[in-house]
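Data first, discussion second: the structure below is written as structure tokens.
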Amino acid sequence: MKADKIVLRKMQLNLKAPFQTSFGTMTVKDFYVTEVHTKDHIGYGECVADIDPLYSEETVKTCMHISEDFLIPWLFEHGELSHPDEIGKLFAPIRRNNMAKSALEGAYWDLYAKEQGIPLAKAIGGTKDKIEVGVSIGIQKTIDDMYRLVDTFLNQGYRRMKIKIKPGQDVEVMTALREKFGDIPMMADANSAYTLDDIEIFKELDKLNLLMIEQPLAHDDIFDHAKLQKQLKTPICLDESIHSLEDARKAIEMGSTRTINIKIGRVGGISESKRIHDLCQSHGIPVWCGGMLESGIGRAHNIAITSLDNFKIPGDTSGSSRYWQEDIINPEVIVSPDGTIDVPAGAGIGYQPMPELLDKYTVEIKEFKR
Ligand code: OSB
Ligand code: MG
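Letter 168 of the sequence shown, counting from 1, is numbered 168 in full-length UniProt numbering, and no numbers are missing.
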């Protein structure tokens, strides 16, 4: 693989409905698409950083800066790459900035699979031809709004409901949903909104037979999560706290987590995601794929990684229509009535980014030539 041009395409898509978490509300999705061009192919990636540093310290702007001033010049200086695993090694001297790194690495993975003429899922080592998916539901104004949404998504076939919680909107909401919908696969995501002082809240949640509680404590903690896990029968899942294979190893060794939400961007790319997947598998720990409200391009990468064996729990990769009036790929991501998505059989990400839709939603474009 030798790219002669890399494009960063800053884009904006309006969400169908605002998405509220314990750290903020999003109505517009700002992101950029990465394009790695050779004579014969274009590899596509997506940067999952948000416009503000609330979920992560990275933002759209920091990612573009790191890419323009460091990552892209390094890629051009390096010359020919024979496998995308080499990109992580090339970028390793740059600390963190995982979402910036991942956006480029992902485009090279797509390019690599296209050059081999195989689906990205196969290139990664995936074995499934369809994946099971769930949906992540933001904090709502009223419990009736929450009932309506859960009902809608259950009817659409989604196999697991993830409910965002925050202090003041936690035990009551989860208990009401349990009573209303019975024994459906359901979990809560706190996005780091609590501390160990909130143990009474977790003891109440622990009675609800939840699949897991995601990232209850600080975004940079693995120590207190281990203490909390010892007091709960509900598995804890780490999201924000895991940025690397090393983080995963330490969290597993300490007993801080019984499953991991793998987000490709948060851990710096597909190669590192696969290593975390393999480590968890060797410990008998199932994983699942998280989401960052991606456009179809990032979504396609998530589908590919979820085709690995040990992605055993339905993830957050919902269909395009759950987020967007119109996605930028063809076909859009479709969830079957049985709550699965077919892993595409075409080369690379297997969905075609549509040039006219890319242009329609692009707000700025930057081109870099070797
Ligand atoms: O914590 O998993 C999270 C969205 C943005 C930032 C953080 C999170 C999320 C989601 C949405 O839960 C998952 C999705 O539908 O893409
Ligand atoms: Mg989360």
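Beta carbons: idealized from backbone N, C-alpha and C, even for Gly.
Here DSSP, grouped into helix, strand and coil, assigns Tyr112 to helix.
Shown here, Lys230 sits in a helix according to DSSP, grouped into three states. Between the segment 288-298 and the segment 325-340, the count of C-beta pairs closer than 8 angstroms reaches three or more; the two stretches touch. For the alpha helix (DSSP H) assignment, the uninterrupted runs of no fewer than 4 residues enclosed by the segment 278-351 are, from N- to C-terminal side, 296-306. For Leu293, the Cβ falls inside the 6 angstroms cut-off from some heavy atom of the ligand OSB. Contact between Asp189 and Ser136 holds, since their C-beta atoms are separated by about 7 angstroms, short of 8 angstroms. Residues Ala347 of the same chain have their beta carbon placed closer than 7 angstroms to that of Gly117, with the five preceding and five following residues left out of the count. Shortest Cα-Cα distance from Gly24 to any of Glu35, Ala218, Thr38 and Tyr55 involves Tyr55. According to the DSSP assignment, Asp30 belongs to the beta strand (DSSP E) that extends over Gly24 to His37. Scanning its chain for C-beta atoms nearer than 7 angstroms, with the 5 sequence neighbours on each side dropped, one finds around Gln156 the residues Val335, in chain order.
A straight-line Cα-Cα distance of about 7 angstroms links Asp224 and Leu217. The nearest non-hydrogen atom of the ligand MG is 6 angstroms or more from the C-beta of Asp221. For Ala188, DSSP records a beta bridge to Ile163 and Ile213. It is roughly 30 angstroms from the alpha-carbon of Ile264 to the alpha-carbon of Leu208.
As the crow flies, the alpha-carbon of Ser307 is around 6 angstroms from that of Ala121. The residue among Val7, Val28, Met11 and Arg9 with its C-alpha nearest the C-alpha of Ala17 is Val28.
For Gly157, the distance from the CB to the nearest heavy atom of the ligand OSB is not below 6 angstroms.
Between Ala251 and Leu238, the CB-CB gap stays under 7 angstroms. In chain order, Met161, Phe181 and Ile184 place their CB closer than 8 angstroms to the CB of Leu154, counting only its own chain and leaving out the 5 sequence neighbours on each side. Using a C-beta cut-off of 8 angstroms, the segment 88-95 makes no contact with the segment 42-58, since fewer than three inter-stretch Cβ pairs fall below that distance. Around the C-beta of Lys203, fewer than 16 other C-beta atoms lie within 10 Å, and the residue is accordingly described as exposed.
Comparing C-alpha distances from Pro93 to each of Trp74, Thr62 and Asp30 shows the shortest one belongs to Trp74. By the neighbour-count criterion, in which 16 or more other beta carbons inside 10 Å mark a residue as buried, Gly291 falls on the buried side. Put simply, the segment 301-320 touches the segment 253-268. At least three CB pairs are less than 8 angstroms apart. Taking 4 residues as the minimum length, the alpha helix (DSSP H) runs contained wholly in the segment 32-99 are 60-66, 72-78 and 85-91, in order along the chain.
The three-state secondary structure of Pro119, taken from DSSP, is strand.
Relative to the ligand MG, the nearest heavy atom lies less than 6 angstroms away from the CB of Gln215. Residue pairing for Pro353: DSSP places it in a beta bridge opposite Ile329.
Membership of Leu196 in any beta strand (DSSP E) is not indicated, and neither H nor E is assigned to it by DSSP.
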